[in-house]
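Novice:
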């Protein structure tokens, strides 16, 4: 579980980064899936040791921008991750 992997401060920074990145998403019915994809990119960043708020936020922004700019649906992106 993620709470076993990261300390409370890192988890708090990850949550802030996720919330900030999700502000870039258009409103729609697939927002939950988009949040999951963005969160996975933030977790990857933290796992690499980049756990500062700025680096986590950058990872989240990059994922959100990729989701919105690609023109693909979130479901297609999610399927590609599996």
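Numbering (our numbering), first residue to last: 322 to 403. Just so you know, even glycine gets a beta-carbon here, dropped at the ideal spot from N, CA and C.
Could you check the C-alpha separation between residue 358 and residue 341 for me, to the nearest Å?
Specialist: Position 37 of the chain shown, counted from the start, is the residue given in the question as residue 358. Position 20 of the chain shown, counted from the start, is the residue given in the question as residue 341. Those two C-alpha atoms are separated by around 14 Å.
Novice: For residue 345, which residues in the same chain have their Cβ closer than 8 Å to its Cβ, ignoring the five residues on either side in sequence?
Specialist: Walking along the chain shown from the start, residue 345 turns up at place 24. Closer than 8 Å at the Cβ level, and outside the excluded window around residue 345, lie 382, 385, 386, 389.
Novice: Using only the alpha-carbon positions, how far apart do residue 269 and residue 374 sit?
Specialist: Since the displayed the chain opens at 322 and closes at 403, residue 269 lies outside it and no answer follows.
Novice: Output needed for residue 395: all residues of its chain with C-beta closer than 7 Å, excluding positions within five of it in sequence on either side, in chain order.
Specialist: As a first step, residue 395 must be located in the chain shown, where it is residue number 74. With a pLDDT of 49 at residue 395, under the threshold of 50, the modelled position of this residue cannot be trusted; read the value that follows with caution. Closer than 7 Å at the Cβ level, and outside the excluded window around residue 395, lie 351, 354, 355, 358, 388.
Novice: Looking at the structure shown, is residue 372 part of a helix, part of a strand, or coil, going by DSSP?
Specialist: What you label residue 372 is simply residue 51 of the chain shown in a count that begins at 1. Reduced to three states, the DSSP call for residue 372 is coil.
Novice: In three-state terms, what does DSSP make of residue 344?
Specialist: As a position in the chain shown, residue 344 is number 23, starting the count at 1. The answer is coil: DSSP assigns residue 344 none of H, G, I, E or B.
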